[in-house]
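Single-structure report; data block below.
2 protein chains.
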Amino acid sequence: MLFIHDPRPRRKSHVRGAWIFGAICGYRATNHHCGEVTIRKACPISAHSSETELREQGAVFMPRFDSAGLVTAVAVDHASGALLMLAHMDAEAIAKTRQTGFAHFHSRSRGRLWMKGESSGHVLKVIEIRVDCDQDALELRVEPAGPACHTLAPSCFYRRIEDDGSLARIEDA
Amino acid sequence: MLFIHDPRPRRKSHVRGAWIFGAICGYRATNHHCGEVTIRKACPISAHSSETELREQGAVFMPRFDSAGLVTAVAVDHASGALLMLAHMDAEAIAKTRQTGFAHFHSRSRGRLWMKGESSGHVLKVIEIRVDCDQDALELRVEPAGPACHTLAPSCFYRRIEDDGSLARIEDA
Numbered sequence: 000m001l002f003i004h005d006p007r008p009r010r011k012s013h014v015r016g017a018w019i020f021g022a023i024c025g026y027r028a029t030n031h032h033c034g035e036v037t038i039r040k041a042c043p044i045s046a047h048s049s050e051t052e053l054r055e056q057g058a059v060f061m062p063r064f065d066s067a068g069l070v071t072a073v074a075v076d077h078a079s080g081a082l083l084m085l086a087h088m089d090a091e092a093i094a095k096t097r098q099t100g101f102a103h104f105h106s107r108s109r110g111r112l113w114m115k116g117e118s119s120g121h122v123l124k125v126i127e128i129r130v131d132c133d134q135d136a137l138e139l140r141v142e143p144a145g146p147a148c149h150t151l152a153p154s155c156f157y158r159r160i161e162d163d164g165s166l167a168r169i170e171d172a
Numbered sequence: 000m001l002f003i004h005d006p007r008p009r010r011k012s013h014v015r016g017a018w019i020f021g022a023i024c025g026y027r028a029t030n031h032h033c034g035e036v037t038i039r040k041a042c043p044i045s046a047h048s049s050e051t052e053l054r055e056q057g058a059v060f061m062p063r064f065d066s067a068g069l070v071t072a073v074a075v076d077h078a079s080g081a082l083l084m085l086a087h088m089d090a091e092a093i094a095k096t097r098q099t100g101f102a103h104f105h106s107r108s109r110g111r112l113w114m115k116g117e118s119s120g121h122v123l124k125v126i127e128i129r130v131d132c133d134q135d136a137l138e139l140r141v142e143p144a145g146p147a148c149h150t151l152a153p154s155c156f157y158r159r160i161e162d163d164g165s166l167a168r169i170e171d172a
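Protein chains in written order, with numbering that gives the first Met the number 0: chain A, 0 to 172; chain B, 0 to 172.
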């Protein structure tokens, strides 16, 4: 385990800050000794902490939405690992997905929440949600109830670019 | 094979249009008989053709760039199928990737082309490029030369969301 020595004098507010951060991020604050401070490096209140470090290494889910309030979401077949589809989620879609266990997205063209498969029945049961380093993309590990693509292909990624620049259908996609 | 009957009268320009479309999309135009027209359903000049059909079912690579000139690109380990990272590509990045065989992206923060691994050496050798149904997303099937994430994790998706909403590190990611 790595430790960082912080020579800052003991201040009550800092101790309280340590407790609050500890509570938020899920790290126990019992190892923080201010004055002569010994802090776990992974803890977001280390002397070198920053929002970037917290976002990349922390235990707090803090999605980085774009100017339209969206993150990119990639659905992957949990069993086969196949890339199925790509869509976008806002805070509402993330909440609804976590609440129901079925993938919900935000339709940019229709400007509304939609559940994948709401009309076709080809829903995506969410097994696990992963987040990337800077928290602007999500990986939904899913169990698809049918073809993931609206074209009825198992995956939306059913063509590859050939050497001559044309597209060719992939047999198993 | 499915055929579509087109009752439109024979016009020389239509014949020429058929030939041009056939040449662009890679379908042979020899089956187009105008006047009493017999056309392969898959051909983009069918009576029911549209840009959507051409984009979704055609053999022409016509990426649908957003207002910033970008498509989303997802890098997947060709051997393991693991989702590695997500970035963006403009026309220049796509061209450079196809030309060199190594993944290039467009950095939105730096506003410039970059080759993944240009400083770390952790390049992504591109085995295959796939495109999704509406051609606004690409799947790069790659062979990574090292950790795909700048944090030195093998994949950028190294944390999952737990039931209590906190993030937990995934052992094998």
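From the three backbone atoms N, C-alpha and C, an ideal C-beta is built for every residue, glycine too.
Endpoints, alpha helix (DSSP H) assigned at E50 (chain A): First-last of the alpha helix (DSSP H) with E50 (chain A): E50 to Q56.
Spatial neighbours of R140 (chain A) within its chain, please: CB distance less than 6 Å, with the 5 preceding and 5 following residues excluded, ordered by chain position. Within the same chain, V75, H77, I126 and E127 come within 6 Å of R140 (chain A) by CB-CB distance, once the 5 residues on both sides are set aside.
Do you know offhand how far A67 (chain A)'s Cα is from L82 (chain A)'s? Those two C-alpha atoms are separated by around 25 Å.
So with Cβ pairs under 8 Å, would you call G145 (chain B) a contact of chain A? No, G145 (chain B) does not count as interfacial toward chain A.
Using a Cβ-Cβ cut-off of 7 Å (strictly less than) and excluding sequence neighbours within five positions of A152 (chain A), which residues of its own chain qualify? So the list reads P146 and A172, once near-sequence residues are dropped.
What span of residues does the alpha helix (DSSP H) with E170 (chain B) cover, start to end? Careful: E170 (chain B) lies outside any alpha helix (DSSP H) and carries neither H nor E.
Would F64 (chain A) pass as a contact of V130 (chain B) if the rule is Cβ separation under 8 Å? No, the pair does not count as a contact, with Cβ atoms beyond the cut-off.
Identify each residue in the region 69–80 of chain B for which the Cβ-Cβ distance to at least one residue of chain A is less than 7 Å, and report them in chain order. Of all residues in the region 69–80 of chain B, only T71, V73, V75 and G80 come within less than 7 Å of chain A when Cβ atoms are compared, listed by chain position.
Between A:K124, A:S154 and A:M84, which lies nearest to Q98 (chain A) when the distance is taken from Cα to Cα? Measuring from the Cα of Q98 (chain A), the nearest candidate turns out to be A:K124.
Out of B:S49, B:T51, B:E50 and B:Q56, point me to the one whose CA is closest to S165 (chain A)'s CA. When each option's Cα is compared against that of S165 (chain A), the closest is B:Q56.
M61 (chain B) to S49 (chain B) span [Cα, whole Å]: Approximately 14 Å between the Cα atoms of the pair.
With H, G and I counted as helix, E and B as strand and the rest as coil, what does DSSP make of K124 (chain B)? Strand, per DSSP.
Nearest chain A C-beta to L82 (chain B) closer than 8 Å, yes or no? Flagged as an interface residue toward chain A: L82 (chain B), by a C-beta distance shorter than 8 Å.
Just to confirm before moving on: does the CB-CB distance between A136 (chain A) and V73 (chain A) stay below 8 Å? Contact: yes.
Spell out whether any CB of chain B is found under 8 Å from the CB atom of E127 (chain A). Taking 8 Å as the threshold, the shortest C-beta distance from E127 (chain A) to chain B falls below it.
Residue(s) in a DSSP beta bridge with L112 (chain B): According to the DSSP secondary-structure assignment, L112 (chain B) is paired through a beta bridge with B:H105.
Taking Cβ positions only, does R159 (chain A) come closer than 8 Å to chain B? Yes, R159 (chain A) counts as interfacial toward chain B.
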